[in-house]
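Okay, structure first, notes after.
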Amino acid sequence: MRRNACWLPLAGVFLAACAGTPNPVLYPNAHLQTVGQATAQRDIAQCRQLASTSGVAEQRDGQVGTNAATGAAVGGASAGAWGLVRGNAAENALAGAAAGAAAGTVRGAIKNSETSPVYKNFVQKCLRDRGYEVIGWQ
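All letters in the sequence shown, in the order written, are residues 1 to 138 by my numbering.
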């Protein structure tokens, strides 16, 4: 059972990576109805490209390491405290730190795969300047 638990963090990272990139959802205003979906998709691609060439990262950065370290600290401290009450404080602290680091890594990977709010705002502004109304992302 313990050996299978090692694959859990990797499965979380894999699922986060497979979640896919969300796309802006356009309100069917007069401009969209005039230009059509094909032109709208080209405009979305151009706005995404403009964001990238302007140095705006599509995904958040730096969440994996931060969350792993935080998870290790919290897991180690809480398991170590439990170990003081039940015995084997050092062993429990080490196990808690490992579990916390694994959970933090998965959380960081999921957060890291989310689209950056700055990137979304950039693309939305670009599309708004072209006459579209972005009502959300999916």
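By construction, the Cβ of each residue, glycine as well, lies at the ideal position given by its N, Cα and C atoms.
Enclosing alpha helix (DSSP H) for residue i [first to last residue]
i: G36; result: 30-53
Sequence-distant residues of its chain with Cβ nearer than 7 Å to residue i (five each side left out)
i: H31; result: G131, Y132
i: L50; result: C126
i: P24; result: I44, V123, Q124, L127, V134, W137
i: K120; result: W137
i: R48; result: V123
i: P22; result: T115, W137, Q138
i: D129; result: none
First through last residue of the beta strand (DSSP E) which encompasses residue i
i: P24; result: 24-26
i: V134; result: 134-137
DSSP beta-bridge partners of residue i
i: T115; result: Q59
Counted within 10 angstroms of its Cβ, other Cβ atoms place residue i as buried (16 or more) or exposed
i: A40; result: buried
Cβ-based neighbour list, residue i, same chain, cut-off 6 Å, excluding 5 preceding and 5 following
i: A57; result: S116
i: N29; result: E133
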